[in-house]
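All remarks here apply to the structure that follows.
2 protein chains.
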Amino acid sequence: MSVDGSAHAPRRMPTMRDVAEQASVSPMTVSRVLHEDPRVSSTTRDRVLAAVDALGYRRNEVARNLRLGSKSGLIGLVVTNLANPFYSQFALGVEAIAGANGLRVVLTNTDEDPERERVLVEELSARRIDGMIVVPSGADHSHLDPLAPGGVPVVLGARPPSGLPLDCVLVDDFGGARSATAALLAGGHTRVGFLGLPPSVWTSSERFRGFCVALEEAGVRLESRYVRVSQRTIPAAEEAARALLSLRRPPTALFCANSRNTLGAFRAMSQVAPSTALAGFDDFELADVLGVPLIVAAYDPRELGRTAMELLLRRMSDEDPPLEPRRIVVPATVVHYGG
Amino acid sequence: MSVDGSAHAPRRMPTMRDVAEQASVSPMTVSRVLHEDPRVSSTTRDRVLAAVDALGYRRNEVARNLRLGSKSGLIGLVVTNLANPFYSQFALGVEAIAGANGLRVVLTNTDEDPERERVLVEELSARRIDGMIVVPSGADHSHLDPLAPGGVPVVLGARPPSGLPLDCVLVDDFGGARSATAALLAGGHTRVGFLGLPPSVWTSSERFRGFCVALEEAGVRLESRYVRVSQRTIPAAEEAARALLSLRRPPTALFCANSRNTLGAFRAMSQVAPSTALAGFDDFELADVLGVPLIVAAYDPRELGRTAMELLLRRMSDEDPPLEPRRIVVPATVVHYGG
DNA sequence: TTGTACGCGTTATCAA
DNA sequence: TTGATAACGCGTACAA
Numbered sequence: 001m002s003v004d005g006s007a008h009a010p011r012r013m014p015t016m017r018d019v020a021e022q023a024s025v026s027p028m029t030v031s032r033v034l035h036e037d038p039r040v041s042s043t044t045r046d047r048v049l050a051a052v053d054a055l056g057y058r059r060n061e062v063a064r065n066l067r068l069g070s071k072s073g074l075i076g077l078v079v080t081n082l083a084n085p086f087y088s089q090f091a092l093g094v095e096a097i098a099g100a101n102g103l104r105v106v107l108t109n110t111d112e113d114p115e116r117e118r119v120l121v122e123e124l125s126a127r128r129i130d131g132m133i134v135v136p137s138g139a140d141h142s143h144l145d146p147l148a149p150g151g152v153p154v155v156l157g158a159r160p161p162s163g164l165p166l167d168c169v170l171v172d173d174f175g176g177a178r179s180a181t182a183a184l185l186a187g188g189h190t191r192v193g194f195l196g197l198p199p200s201v202w203t204s205s206e207r208f209r210g211f212c213v214a215l216e217e218a219g220v221r222l223e224s225r226y227v228r229v230s231q232r233t234i235p236a237a238e239e240a241a242r243a244l245l246s247l248r249r250p251p252t253a254l255f256c257a258n259s260r261n262t263l264g265a266f267r268a269m270s271q272v273a274p275s276t277a278l279a280g281f282d283d284f285e286l287a288d289v290l291g292v293p294l295i296v297a298a299y300d301p302r303e304l305g306r307t308a309m310e311l312l313l314r315r316m317s318d319e320d321p322p323l324e325p326r327r328i329v330v331p332a333t334v335v336h337y338g339g
Numbered sequence: 001m002s003v004d005g006s007a008h009a010p011r012r013m014p015t016m017r018d019v020a021e022q023a024s025v026s027p028m029t030v031s032r033v034l035h036e037d038p039r040v041s042s043t044t045r046d047r048v049l050a051a052v053d054a055l056g057y058r059r060n061e062v063a064r065n066l067r068l069g070s071k072s073g074l075i076g077l078v079v080t081n082l083a084n085p086f087y088s089q090f091a092l093g094v095e096a097i098a099g100a101n102g103l104r105v106v107l108t109n110t111d112e113d114p115e116r117e118r119v120l121v122e123e124l125s126a127r128r129i130d131g132m133i134v135v136p137s138g139a140d141h142s143h144l145d146p147l148a149p150g151g152v153p154v155v156l157g158a159r160p161p162s163g164l165p166l167d168c169v170l171v172d173d174f175g176g177a178r179s180a181t182a183a184l185l186a187g188g189h190t191r192v193g194f195l196g197l198p199p200s201v202w203t204s205s206e207r208f209r210g211f212c213v214a215l216e217e218a219g220v221r222l223e224s225r226y227v228r229v230s231q232r233t234i235p236a237a238e239e240a241a242r243a244l245l246s247l248r249r250p251p252t253a254l255f256c257a258n259s260r261n262t263l264g265a266f267r268a269m270s271q272v273a274p275s276t277a278l279a280g281f282d283d284f285e286l287a288d289v290l291g292v293p294l295i296v297a298a299y300d301p302r303e304l305g306r307t308a309m310e311l312l313l314r315r316m317s318d319e320d321p322p323l324e325p326r327r328i329v330v331p332a333t334v335v336h337y338g339g
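Chains Z and D, in that order, give the protein sequences.
At position 243 of the first sequence the residue is numbered 243 (full-length UniProt numbering), and the sequence of numbers has no breaks.
At position 152 of the second sequence the residue is numbered 152 (full-length UniProt numbering), and the sequence of numbers has no breaks.
In structure tokens, the structure reads:
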């Protein structure tokens, strides 16, 4: 019955040659029809289009791009943890701008593993993606060098480059932490705790710096026993907060360097010391319904993604006079949620 | 100075031919070295590897796949809204299994626009992706037919196929809604409201069906004035809930078909009628700290993604005896959060 | 108006 | 052990 001899489904995608045969013309003519070249008689065009339709032919973009010189129309996005709403919003921002420019996004997740990141970056560049946006998980960025032979345009997200002249988009971690801490100190606190991640995480160390400066400016002493910086999960943060609040002279206010720490702290204090004042970096859904006063340093992760993609577009197009690397800082604003 | 004449950076990625020239061998030999073909003398191999290193050569996967027969190593993921944590978790599950099988994921977002979905699907298949996982936004799935000429293996996520024999993974929307509603009714309520999306959204209509059956089983009458099904955002849901709770004889319990409606309802009731009982589909972060008793139908979106990818792998490999389409339903469990 | 020849970067096959 | 040739699907220059 069927022309193929195959009973139910085509095993192979039709090619231009298949279309050409079906329409009894040369592949060249098919190509012309698909490019809407006017120098084709309308009868042959109709025959070709009929064949295209009958076979369900679609141009092979891969072969096309190979011929045209390796523009894949794909950009790579390497994030550390897509489960974090921050990064999914970030990805969405990237995708929006990329899509508007005819580019698709290949998404990959590193789980904060530098080795995995290195492998993924290699692989993406072997696929001849046109550019990459990377949230680097380690301090060594040598595998990202766009000037290295075979290098690819790169923009870093959320963390600055180390030792390489790369574009990047950052949150104002320092300023946001400083302002939020200042707002917290406006309550007149003199014993303030800090919950965060190890200083090896760049954002966290910046936030700690902002915290310290705000204390200094308010003339409040920093007590190292009030500082805990190794909580990566909500339960760990709750544990650490509970420890602080159980000291003989506990802090009366807490600043948390990210939302997981803020949430852990909230859980601990609502049980142990409900009147503790709370502030943190990162806004989160439901911050307003916790039922306690809360100050957060908020920013727009989607905006961050959009900006990163815009930087990448600029970097991808304009190549020859190597552009000065740009560092764009997205502001963080202080938001007060009422109790 | 430099061999190219170019001053600062390579304009073009080195190819096998470049390496071959640099090492004074044929491209074929380079290929063999890269494939660790043993039939190469160690001296030539060293020369080739040195050239590879010097030039920073990386194999062009695109050309390679073209030669090998259009396996791109890429799968497409088409979701409706990545900003929804459900879909980012889903994507993460897909990505995990894909990555473990050497596949990368091209991520695209439709914003629930069927036309955009159609265009994206076309484009992905023109890129010769090896398969697709799609969360369809419309009822017409004709553009997804894998049996159509040029069709691609497809698995649907979260919504069932209409009129096509496609694999899909679903949440037990009906059962979850029924169980959660039953748990709600255990409180002895006789006036129960429903907040959700229009029945055109499949998941929502299933959840409504579960809700209705639970009412029936408990001998509770369904009152249509207690049903509101057009809230897509938290504020809209809050508004609708407020309207219900302001009726002369308001419902004493509310069932919400998704987390946005649950959150809106929570906001409304905490102001208007704090003693209203609340249940909803979808778990969410912080459900336990709202300070009111809450029943949710919970499931694991990441598991859903993993399962979808596993179905796709199976579909992609085993081609010839067209497999029976499979429908896998992931269970939803009822969780009680205390007040 | 249509077709031929070649190239994009890689690899399978066969010959040397 | 190595190389020449052809081919994957498509596009461009040129010829017919």
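Where is the CB? At the ideal position from N, CA and C, for every residue including glycine.
Predicted model, so just to flag it, every value in this text is computed and none were measured.
The three-state secondary structure of Asn60/D, taken from DSSP, is coil. Its chain contains Asp282 and Phe284 as the residues whose beta carbon lies nearer than 6 Å to that of Ser259/D, once the 5 sequence neighbours on both sides are disregarded; these appear in chain order.
Assignment of beta-bridge partners to Ala298/Z by DSSP yields Thr333/Z. No Cβ of chain D is located within less than 7 Å of the beta carbon of Asn258/Z.
Taking C-alpha positions only, Leu156/D is separated from Thr190/Z by approximately 57 Å.
Taking a Cβ-Cβ cut-off of 9 Å, Gly264/D has no neighbours in chain Z, whose nearest Cβ is about 11 Å from it. Distances from the alpha-carbon of Arg64/Z to those of Pro251/D, Thr307/D, Met28/D and Arg127/D put Arg127/D closest. Taking 7 Å as the threshold, the shortest C-beta distance from Gly93/D to chain Z does not fall below it. Secondary structure note for Asn109/Z: it is in no alpha helix (DSSP H), and the uninterrupted beta strand (DSSP E) holding it is Arg104 to Asn109. Secondary structure note for Gly193/D: its beta strand (DSSP E) is the uninterrupted segment Val192 to Leu195.
Chain order gives no chain D residues near Ala158/Z, where near means a beta carbon separation below 8 Å; the closest approach is about 17 Å.
For Gly280/Z, the closest of Ser31/Z, Met132/Z, Ala50/Z and Phe194/Z by C-alpha to C-alpha distance is Phe194/Z. Separation of Leu185/Z and Gly219/Z (C-alpha to C-alpha, rounded to the nearest whole angstrom) is 10 Å. Nearest to Ala54/Z by C-alpha distance, out of Gly151/Z, Ser137/Z and Pro14/Z, is Pro14/Z. Rounded to whole angstroms, the gap between the alpha carbons of Asp145/Z and Val154/Z is 8 Å. As for any alpha helix (DSSP H) of minimum length 4 sitting wholly inside the region 91–161 of chain Z, the runs are 114–126, ordered along the chain. No Cβ-Cβ contact shorter than 7 Å links Leu66/D with Val105/Z.
Against chain Z, the beta carbon of Val106/D has neighbours under 8 Å at Leu74, Arg104, Val105, Val106 and Leu107, listed in chain order. Restricting attention to beta strand (DSSP E) runs no shorter than 3 residues, the region 159–233 of chain Z encloses them at 167–171 and 192–195, ordered along the chain.
For Asn65/Z, the residues of chain D that pass the 8 Å Cβ criterion are Val62, in the order they occur in the chain. Interface annotation, Gly291/D: in contact with chain Z, CB-CB separation under 7 Å. Ser31/Z has a beta carbon lying at 7 Å or more from every beta carbon in chain D.
Counting along the chain, Gly338/D sits inside no alpha helix (DSSP H), nor does DSSP assign it H or E at all. Taking every protein chain shown into account, the CB of Met28/Z has fewer than 16 other CB atoms within 10 angstroms, so this residue is exposed. Between the beta-carbon of Ser179/D and that of Val62/Z there is about 48 Å, and that puts the pair past the 8 Å contact cut. Looking only at Arg314/Z, Gly176/Z and Tyr57/Z, the smallest Cα-Cα distance to Ala214/Z is reached by Gly176/Z. Scanning chain Z for C-beta atoms nearer than 7 Å to the C-beta of Gln89/D yields Ala83, reported in chain order. Contact annotation for Leu294/Z against chain D: no contact, minimum CB-CB distance about 12 Å [criterion: below 7 Å].
Taking 7 Å as the CB threshold, Leu286/D lines the interface with chain Z. From the beta-carbon of Ala126/Z, the residues of chain D found nearer than 8 Å are Arg58, Arg59, Asn60 and Glu61. Contact annotation: the region 298–307 of chain D touches the region 155–174 of chain D, with at least three C-beta pairs closer than 8 Å. One thing to note: Val30/D has its Cβ within 7 Å of the Cβ of Ala20/D.
Exclusion of the five residues before and after Leu312/D leaves Ile75, Gly131, Ile133, Pro153 and Val155 as the residues of its chain whose Cβ lies within less than 7 Å of its Cβ.
With contacts defined by Cβ atoms closer than 7 Å, Met269/D and Val94/D do not form a contacting pair. Within its own chain, the residues whose Cβ lies closer than 6 Å to the Cβ of Arg116/D, once the five positions on either side in sequence are excluded, are Thr110, listed in chain order. Using a 10 angstroms sphere on the CB of Thr203/Z, the tally of other CB atoms reaches 16 or more, which defines it as buried.
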